[in-house]
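Numbering (this note's numbering), first residue to last: 83 to 254.
A short write-up of the structure that comes next.
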């Protein structure tokens with residue numbers, strides 16, 4: 083992002099837009115520090131970039147990327163949590179994981195091990211909801227699938243094939 087900002091400022095002579103992108107970059111880093119999640123910061127960054135570069139205003143001006151929409155970070159957090167994007171338990175390179183301190187590409191130890199005798203695994207703020215991975219869903223191969231909602235009627239008969247349209251007209 084630093085190269086993009088420098089290009090806007092130096093090559094294209096857009097110092098105002100470059101300053102706004104600099105503020106946006108600082109917002110992304112702040113969100114990363116506050117939320118302790120790169121997923122939320124990345125999704126916030128993508129949302130702002132999408133709004134800035136995909137929206138055309140009637141006055142031909144680019145939307146200001148430095149303005150943080152109210153509630154956007156919370157909405158991104160709730161959506162990421164609902165989609166289970168915040169789970170870090172399956173990442174072996176996380177803090178407290180079996181490969182903590184190793185380079186994910188070469189698997190070589192890059193960080194020296196800590197001298198503490200007791201290290202507590204850190205899972206982050208995402209463990210406050212119910213895990214869905216433990217629940218197995220039984221697949222029903224019946225004619226009605228797995229739907230058992232309040233409108234489910236096990237005695238429902240499918241219409242015969244001689245009906246046309248929505249079952250109102252009959253072939254004569």
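C-beta: ideal position from N, C-alpha, C; glycine also.
Since this is a predicted model, take the numbers as computed values, not measurements.
May I ask which residues mark the beginning and end of the alpha helix (DSSP H) holding residue 109? For residue 109, the enclosing alpha helix (DSSP H) has its first and last residue at 97-117.
Does the distance from the C-beta atom of residue 158 to that of residue 122 stay below 8 Å? Yes, the Cβ-Cβ distance between residue 158 and residue 122 is below 8 Å.
State whether the stretch 144-160 contacts the stretch 104-115, with contact taken as three or more CB pairs (one from each stretch) at a distance under 8 Å. Cβ pair count under 8 Å is three or more, so yes.
Member of 146, 186, 142, 163 whose CA lies at the smallest distance from the CA of residue 125: When the alpha-carbon of residue 125 is set against those of 146, 186, 142, 163, the nearest one is in 163.
Within the stretch 129-174, note down every full alpha helix (DSSP H) run reaching 4 residues or more, in order along the chain. Taking only runs of at least 4 residues, the alpha helix (DSSP H) segments lying wholly in the stretch 129-174 are 154-164.
Could you check whether residue 178 and residue 191 sit closer than 8 Å to each other, using their CB atoms as the reference points? Contact flag unset, no.
Residue 235 to residue 166, Cα distance in whole Å? Rounded to the nearest angstrom, the two C-alpha atoms are 32 Å apart.
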